[in-house]
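S.K.: One structure follows; several queries about it will come next.
Numbering (our numbering), first residue to last: 113 to 392.
This is the structure we're talking about:
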């Protein structure tokens with residue numbers, strides 16, 4: 113095997129609680145993440161050195177390059193790969209686009225080079241790359257604690273549709289955490305979301321959804337427009353600025369999609385997925 117093609121699914125946070133800043137400077141998180149059917153396509157081909165093609169975001173600054181470098185270092189391999197990424201997931205939106213690409217590269221290289229790294233070893237590399245990368249190795253529906261490295265599978269979310277809308281731009285995620293530290297913000301009860309999912313109670317899932325970072329997006333026009341669509345729930349993903357609305361039936365979701373497109377708001381109609389990475 114010399115090359116791979118991988119669909120790398122995005123994620124949303126059904127609920128996200130920022131518990132506070134840790135002594136090491138990171139923030140303690142408690143969140144439920146969900147894979148969705150919006151994806152980047154990642155192509156990986158064995159080469160002598162690492163190269164990354166991703167439009168204007170290619171090169172050594174791309175997280176895919178760092179991922180490959182960390183993989184070869186961990187395996188003590190003098191190898192390389194040409195990585196090409198076709199982006200669909202919006203960048204800097206709170207949907208784990210770069211992290212999904214990193215997970216695809218990490219798992220993909222493990223297959224291409226037949227290194228047979230354990231799941232635990234892959235996680236130990238993933239946590240160095242970003243808080244979402246450990247979850248995005250497997251995906252589906254899971255609770256993540258710590259800085260994203262402590263994962264607990266949760267019963268899958270089913271029978272609903274997501275309309276995701278990205279509006280306002282934001283500063284870096286680090287800056288968003290700094291701003292949050294100076295705010296009075298909510299800390300959603302993640303146990304409620306987990307319990308509702310494990311019981312298969314969609315209504316309870318929808319009423320439990322919340323996000324600490326919503327305190328920084330109170331004037332969001334995108335949120336206001338999603339609420340107007342008579343969604344069953346509206347919440348923020350990650351640190352934003354992507355908001356998502358949840359609908360029980362496809363017709364209402366499609367009507368909402370049409371309404372927001374008429375306002376020139378970028379939207380993506382998606383469904384829950386049971387995994388992050390799909391090898392083709």
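Ideal Cβ placement from N, Cα and C applies to all residues, glycine included.
In this text, all values refer to a predicted model and were calculated from it rather than measured experimentally.
Taking residue 256 as part of the alpha helix (DSSP H), name the residues at either end of that continuous run.
M.R.: As a position in the chain shown, residue 256 is number 144, starting the count at 1. Taken as a continuous stretch (DSSP letters only), residue 256 belongs to no alpha helix (DSSP H), being part of the beta strand (DSSP E) at 253–258.
S.K.: Taking buried to mean at least 16 other C-beta atoms within 10 Å of its own C-beta, is residue 121 buried or exposed?
M.R.: On the chain shown, position 9 is the one that residue 121 refers to. That one is buried.
S.K.: Does the beta-carbon distance from residue 253 to residue 269 come in below 7 Å?
M.R.: In the chain shown, the residue the question calls residue 253 occupies position 141. In the chain shown, the residue the question calls residue 269 occupies position 157. Yes; because the gap between Cβ atoms is below 7 Å, this pair is in contact.
S.K.: Tell me the DSSP secondary structure of residue 391 in three-state form.
M.R.: Along the chain shown, one-based indexing puts residue 391 at 279. Three-state result, residue 391: strand.
S.K.: For the candidate residues 190, 126 and 130, whose alpha-carbon lies nearest to that of residue 259?
M.R.: Within the chain shown, numbered from 1, the residue matching residue 259 stands at position 147. Selected option, being the one with the closest Cα: 130.
S.K.: Pull up the CB-CB distance for residue 394 and residue 156, whole angstroms please, since I reckon it's below 8 Å.
M.R.: Beyond the ends of the chain as shown, which are 113 and 392, falls residue 394; an answer cannot be given.
S.K.: Cutting at 8 Å between CB atoms, please list the residues of its own chain near residue 346, excluding the five before and the five after it.
M.R.: For the purposes of this step, residue 346 is identified with residue 234 of the chain shown, where counting begins at 1. 335, 338, 339, 355, 356, 357 and 358.
S.K.: According to DSSP, is residue 307 helix, strand or coil?
M.R.: As a working mapping, residue 307 is identified with position 195 in the chain shown. Helix.
S.K.: Kindly indicate which residue of 184, 303, 330 and 370 has the alpha-carbon position closest to the one of residue 144.
M.R.: Numbered from its first residue, the chain shown carries residue 144 at position 32. Nearest of 184, 303, 330 and 370 to residue 144, Cα basis: 303.
S.K.: Taking all protein chains shown into account, do 16 or more other C-beta atoms lie within 10 angstroms of the C-beta of residue 238, making it buried, or fewer, making it exposed?
M.R.: As a position in the chain shown, residue 238 is number 126, starting the count at 1. That one is buried.
S.K.: Restricting to Cα atoms, I'd like to know which of 126, 295, 164 and 117 is closest to residue 206.
M.R.: By 1-based counting over the chain shown, the position of residue 206 is 94. Of the candidates 126, 295, 164 and 117, the one whose C-alpha sits nearest the C-alpha of residue 206 is 126.
S.K.: In angstroms, rounded to a whole number, what distance separates the CA positions of residue 181 and residue 161?
M.R.: Here residue 181 refers to the residue found at position 69 of the chain shown. Here residue 161 refers to the residue found at position 49 of the chain shown. Spanning the two alpha carbons is a distance of roughly 10 Å.
S.K.: Taking only runs that begin and end inside the region 355–390, name each unbroken alpha helix (DSSP H) of 4 or more residues, in chain order.
M.R.: Runs found: 362–374.
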